[in-house]
Ligand SMILES: [Zn+2]
């Protein structure tokens, strides 16, 4: 068994995107609820949802953005939470980190597809369920993590030029500063609202039960994927696909996993009664709870 464990550790450290994940082992190949998937509008169960409740997502946070050899990963000390009536048991999910998947100069690179369409890139905001003791404990549970997936699309000539913090953090902060693996920078005063949530209509989204899209592919994720893409400038995308190198010092492109079998899983398409991504403080959450009691 010791030998097996060494192999498992080796895979965790050494995996690459050379075949878009097709050779990954263990749960990655044997699992029954793997991600990403092709999200089909036809056949999805239709439901309505209340407004998203994002606590502290409007805080102008300070970030650490690090090249981990597979993407850039952004973390912060600012504590943020997410609540939605679409989660079971009124689950309260705490923000953990965000990262991005992208393509190349000729191919798109989102992980999920929507009706067989692959978008240019996809951002993932990772959260963990606070009913568990830690992020590591949550990784072992079917509802341990909640990831918000945002499709990203570079603008066409007809679009009004995007002007938001996702463009800025790539163009100004990340630009040429995290090329080598483990390099990190510290962008300041950027909120999750301005980086992601405010840049897209969050009133329509897919929901299904899946996994991490990187080894060890833990089947712990309640996925939310918004159907409307965030638009970024073409120059931002051109910088994104050149912004990092992998462990072998090759420019990291196409850092996405191929779509997986849906199997017998249910895909739900939610339409929110309000597209406003309001920021609810404790008092509002408390009032909401009172309303539920009445
Ligand atoms: Zn991801």
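In this note's numbering, the protein residues as written are 210 to 503.
Using N, Cα and C, we set each Cβ at its ideal position, and we do this for glycine too.
Measure the C-alpha to C-alpha separation of residue 276 and residue 362 and round it to an integer number of angstroms. For the purposes of this step, residue 276 is identified with residue 67 of the chain shown, where counting begins at 1. For the purposes of this step, residue 362 is identified with residue 153 of the chain shown, where counting begins at 1. Near 22 angstroms, if we compare the C-alpha coordinates of residue 362 and residue 276.
Find the nearest neighbour of residue 515 within the set 338, 430, 309 and 479, judged by alpha-carbon distance. Outside the shown range of the chain (210 to 503) lies residue 515, about which nothing can therefore be said.
Is it the case that the Cβ atoms of residue 294 and residue 240 are separated by a distance below 8 angstroms? Residue 294 sits at position 85 when you count from the first residue of the chain shown. Residue 240 sits at position 31 when you count from the first residue of the chain shown. Cβ distance not < 8 angstroms, so residue 294 and residue 240 don't count as in contact.
Expressed to the nearest angstrom, what Euclidean distance is found between the alpha-carbon atoms of residue 436 and residue 334? Residue numbering aside, residue 436 sits at position 227 when the chain shown is read from its first letter. Residue numbering aside, residue 334 sits at position 125 when the chain shown is read from its first letter. Going by the C-alpha atoms only, they are around 15 angstroms apart.
Through-space distance from residue 360 to residue 408, alpha-carbon basis: Position 199 of the chain shown holds residue 408. Position 151 of the chain shown holds residue 360. Here the C-alpha atom of residue 408 lies approximately 11 angstroms from the C-alpha atom of residue 360.
Can you tell which of 396, 406 and 369 has its C-alpha closest to the C-alpha of residue 383? Walking along the chain shown from the start, residue 383 turns up at place 174. With distances taken between Cα atoms, residue 383 lies closest to 396.
In chain order, what residues place their C-beta within less than 6 angstroms of a heavy atom belonging to ligand 1? Cβ-based neighbours of ligand 1 within the cut-off: 308, 310, 333 and 422.
Please list, in chain order, all residues of the same chain as residue 390 whose beta carbon is under 6 angstroms from its beta carbon, the five residues on each side excluded. Counting from one through the chain shown, the residue named residue 390 turns up at place 181. Answer for residue 390: 276, 278 and 456, listed in chain order.
Per DSSP, what are the beta-bridge partners of residue 262 in this structure? Counting from 1 along the chain shown, the entry for residue 262 is found at position 53. DSSP lists 292 as partners of residue 262.
Considering only their Cβ atoms, is the gap separating residue 329 from residue 343 smaller than 8 angstroms? The residue labelled residue 343 in the question sits at position 134 within the chain shown. The residue labelled residue 329 in the question sits at position 120 within the chain shown. Going by C-beta atoms, residue 343 is not nearer than 8 angstroms to residue 329.
Run of the alpha helix (DSSP H) containing residue 238, from where it starts to where it stops: Stepping through the chain shown from its first residue, residue 238 is reached at position 29. Unbroken alpha helix (DSSP H) run through residue 238: 236 to 239.
Kindly indicate which residue of 286, 230, 290 and 261 has the alpha-carbon position closest to the one of residue 481. By 1-based counting over the chain shown, the position of residue 481 is 272. Of 286, 230, 290 and 261, the residue nearest in Cα terms is 261.
Is the number of C-beta pairs between the segment 300 to 314 and the segment 438 to 455 that are closer than 8 angstroms three or more? yes
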